[in-house]
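Below you'll find the structure, written out as structure tokens, and then a few comments.
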Amino acid sequence: MERIISFDQLPEAISEVGHKLEELKSLILQKNNHSIQDEEQLLTVEECAAFLHVSKATIYKHISKGDIPVMKRFGQNYFLKSELIAYLKTGRKKTNAEIENEAEDRLLKSRRR
Numbered sequence: 060m061e062r063i064i065s066f067d068q069l070p071e072a073i074s075e076v077g078h079k080l081e082e083l084k085s086l087i088l089q090k091n092n093h094s095i096q097d098e099e100q101l102l103t104v105e106e107c108a109a110f111l112h113v114s115k116a117t118i119y120k121h122i123s124k125g126d127i128p129v130m131k132r133f134g135q136n137y138f139l140k141s142e143l144i145a146y147l148k149t150g151r152k153k154t155n156a157e158i159e160n161e162a163e164d165r166l167l168k169s170r171r172r
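Residue numbers (this note's numbering): 60 to 172.
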């Protein structure tokens with residue numbers, strides 16, 4: 060329900076809105092910081108397998124083929140979560156609409172020449 064604010068109550072109402080806005084801003088910043096920290100998190104082979112929902116053997120297979128971004132130190136394999144997300148995005152299939160748009164663009168460009 061809406062509450063009716065008189066002219067005398069206006070400064071207090073604006074102050075209240077300002078405080079709520081600051082609270083929202085701090086919550087958004089906290090959320091962004093957590094997501095950035097999550098993406099820069101180092102994962103082990105076990106954690107990587109769990110994150111990608113595959114077996115450890117599959118991870119080792121992709122490491123040996125050089126398909127998956129990996130860092131090796133002290134005899135251990137480590138993965139950056141952000142690099143794994145980027146790796147997953149490279150396998151994205153285009154929709155039929157995207158393919159049709161690209162084909163139309165190429166046809167238009169070839170006709171201009």
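Note that the Cβ used here is the ideal one computed from N, Cα and C, for glycine as well. Keep in mind the model is a prediction, meaning the values are calculated, not measured.
Please list the terminal residues of the continuous alpha helix (DSSP H) segment that includes residue i.
| i | result |
| --- | --- |
| lysine 120 | 115–124 |
| phenylalanine 110 | 104–111 |
Give me the Cβ distance between residue i and residue j, rounded to the nearest whole Å; I'm assuming they're in contact under 8 Å.
| i | j | result |
| --- | --- | --- |
| leucine 143 | phenylalanine 110 | 6 Å |
| lysine 130 | tyrosine 119 | For clarity, residue 130 is methionine in the given sequence; the question names lysine instead. Their Cβ separation, rounded to whole angstroms, is 15 Å, which puts methionine 130 and tyrosine 119 out of contact at 8 Å. |
| serine 141 | glutamate 99 | 6 Å |
| glutamate 105 | lysine 115 | 6 Å |
| alanine 72 | isoleucine 64 | 5 Å |
| glutamate 103 | glutamine 68 | The sequence given here has threonine at residue 103, not glutamate. No, threonine 103 and glutamine 68 are not in contact; Cβ-Cβ is about 58 Å, not under 8 Å. |
Under 8 Å, with one C-beta from each stretch per pair, do the region 77–89 and the region 122–131 reach the 3-pair mark?
no
Return the chain-ordered ranges of every alpha helix (DSSP H) run that is complete within the region 126–168 and spans a minimum of 4 residues.
140–148
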